[in-house]
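Heads up: the sequence shown begins at 9 in my numbering, then just goes up one per residue. Don't be surprised by glycine CBs; every beta carbon is placed ideally from N, CA and C. Note that this is a predicted model, so its numbers are computed, not measured. Encoded as structure tokens, the structure appears first; notes follow it.
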Amino acid sequence: VRGCCTVAFRVYDLDNTGDIQPGEVKRLLVALLHGNPEMALDDATIEQIVDQTFEEADLAKDGRISYEEWLVLVNNNPAICSWMTLPVLKDVTLKYPSFIFNHA
Numbered sequence: 009v010r011g012c013c014t015v016a017f018r019v020y021d022l023d024n025t026g027d028i029q030p031g032e033v034k035r036l037l038v039a040l041l042h043g044n045p046e047m048a049l050d051d052a053t054i055e056q057i058v059d060q061t062f063e064e065a066d067l068a069k070d071g072r073i074s075y076e077e078w079l080v081l082v083n084n085n086p087a088i089c090s091w092m093t094l095p096v097l098k099d100v101t102l103k104y105p106s107f108i109f110n111h112a
């Protein structure tokens, strides 16, 4: 489970800063929903999802989600990692090359 958490954290940490910022969550959501009419969400709904995510996950209320905060979020909501399978990640990186992981 911890390995999944690390992979998922790296997917969301698009800028490879060691934490997750609201803009990164929004960019990932927009990219994942792009071209999927069944999941079409307007900007206000996406912003609401991002805001709710940070309300729950940003325990320090500093505008970012640290890895430790991420672990708490995933522990409370295991479904967050349920879509993180190799086929899905492969599809995401092929469709959106900018999401290929930066290795530290």
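Annotation: the continuous alpha helix (DSSP H) that includes alanine 65 extends over 51-65. When only Cα atoms are considered, isoleucine 54 and phenylalanine 62 end up about 12 Å apart. Within the same chain, and ignoring the five residues on either side of leucine 36 in sequence, the residues whose Cβ sits closer than 8 Å to its Cβ are Val19, Tyr20, Leu22 and Phe107. Here leucine 67 is exposed, its C-beta having fewer than 16 other C-beta atoms within 10 Å.
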